[in-house]
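One structure below.
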Amino acid sequence: MDIKDPNIFFPLLIALNIIAYLLNIGIGISWDKILRHKTTVTKKEILSSLLTLLINITIAIPGFLLWTKGIILFSDMDLWLTFIILFLLMDFLMYFLHWASHNIRYLKKIYLKHHEHSESFNCISLYYMSPWESILFGLLLTMVAILLPLNIYGFILFLVFNWSYGVITHLNINSDNPYFLIFTTNSFHKNHHVSFCKNYGFYTFIWDRIFNTEKNNRI
1 MDIKDPNIFF
11 PLLIALNIIA
21 YLLNIGIGIS
31 WDKILRHKTT
41 VTKKEILSSL
51 LTLLINITIA
61 IPGFLLWTKG
71 IILFSDMDLW
81 LTFIILFLLM
91 DFLMYFLHWA
101 SHNIRYLKKI
111 YLKHHEHSES
121 FNCISLYYMS
131 PWESILFGLL
141 LTMVAILLPL
151 NIYGFILFLV
161 FNWSYGVITH
171 LNINSDNPYF
181 LIFTTNSFHK
191 NHHVSFCKNY
201 GFYTFIWDRI
211 FNTEKNNRI
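The sequence shown begins at 1 in the numbering used here and counts up one residue at a time.
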């Protein structure tokens, strides 16, 4: 299967994004039901999450075109090396972008929407954000793909990991533990939603600890 073929790429892109969106909702609803968390979803939140879904699909188009034009080049780099590079690099870049969105006046308004979900999450909290957040993340990942000759399967693996991690850290939990080894947890991320100016880390708390932006007390 040649995924460079637009007739294959675009139906696959749309289908996988819709499946991911619905799977996220299903996981969230099931989780809250099992643990008896009472959550609600408003029409405004649903519409906003659908806009995020649309942007997630659309933002992949420039990357696809750059790939077909030979500007983005994938290589035979080891799959796991690609994943590790993307994990470490995006963890740092997203930490910096996250910090900037809370500390630079013109960027603050962009990120406030996601923080409306502070006391508890619901099944679409992951997708409830400003359109600019989705756009900036997509552009950032595209720039990394332009600059580094990554393994395409390692790149796809990272995308799956990023989505999975987002789903997990936006589930309501009963644990107050903000860490699992070096990784952030739901509690860590919820602390960020509540305190706003702490815990910017996405996958790990490393950069928060280095730059003294960590808050690890219980909610």
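A virtual CB, placed ideally from N, CA and C, is assigned to each residue, including glycine.
| Check | Outcome |
| --- | --- |
| Buried or exposed: where does Thr68 fall if 16 or more other Cβ atoms within 10 Å of its Cβ makes it buried? | exposed |
| In whole angstroms, what is the alpha-carbon distance linking Asn147 and Thr58? | Note that residue 147 is Leu in the sequence shown, not Asn. C-alpha separation (whole angstroms): 21 Å. |
| Counting only the same chain and skipping the five closest in sequence on each side, list residues whose C-beta sits under 8 Å from that of Leu86. | Val144, Leu150, Gly154, Phe155 and Phe158 |
| If you reduce the DSSP assignment to three classes, tell me which class Phe155 lands in. | helix |
| Exposed or buried, what is Trp80 when buried is set at 16 or more other beta-carbons lying within 10 Å of its beta-carbon? | exposed |
| Leaving aside the five residues before and after Gly28 along the sequence, list all residues of the same chain whose C-beta is less than 6 Å from its C-beta, in chain order. | Cys123 |
| Between the Cα of Leu66 and those of Pro131, Met1, Pro6 and Tyr128, spot the shortest distance and give me the residue it belongs to. | Pro6 |
| Report back the beta-carbon spacing between Leu12 and Ile18 to the nearest angstrom; my notes put them in contact at under 8 Å. | Leu12 to Ile18, Cβ: 11 Å. No contact. |
| Please classify Arg218: does DSSP put it in a helix, a strand, or coil? | Because the pLDDT of Arg218 is 48, which lies under 50, any placement of that residue in the model is unreliable, and the number read from its coordinates should be weighed accordingly. It is coil, neither helix nor strand. |
| The alpha helix (DSSP H) spanning Phe83 covers which residue range? | Leu79 to Asn103 |
| In the structure shown, what three-state DSSP assignment does Pro149 receive? | coil |
| Hey, would you say Ile229 sits closer than 7 Å to Phe74, going by beta carbons? | Here the chain has residues from 1 to 219 only, and residue 229 is not among them. |
| Return the first residue and the last residue of the alpha helix (DSSP H) that Leu23 is part of. | Pro6 to Ile34 |
| Can the beta-carbon of Gly201 be found closer than 7 Å to that of Tyr95? | yes |
| Check each candidate in Phe92, Phe9, Ile210 and Tyr21 and name the one with the smallest Cα separation from Ser48. | Tyr21 |
| Taking 7 Å as the threshold (C-beta atoms), are Gly63 and Thr142 in contact? | yes |
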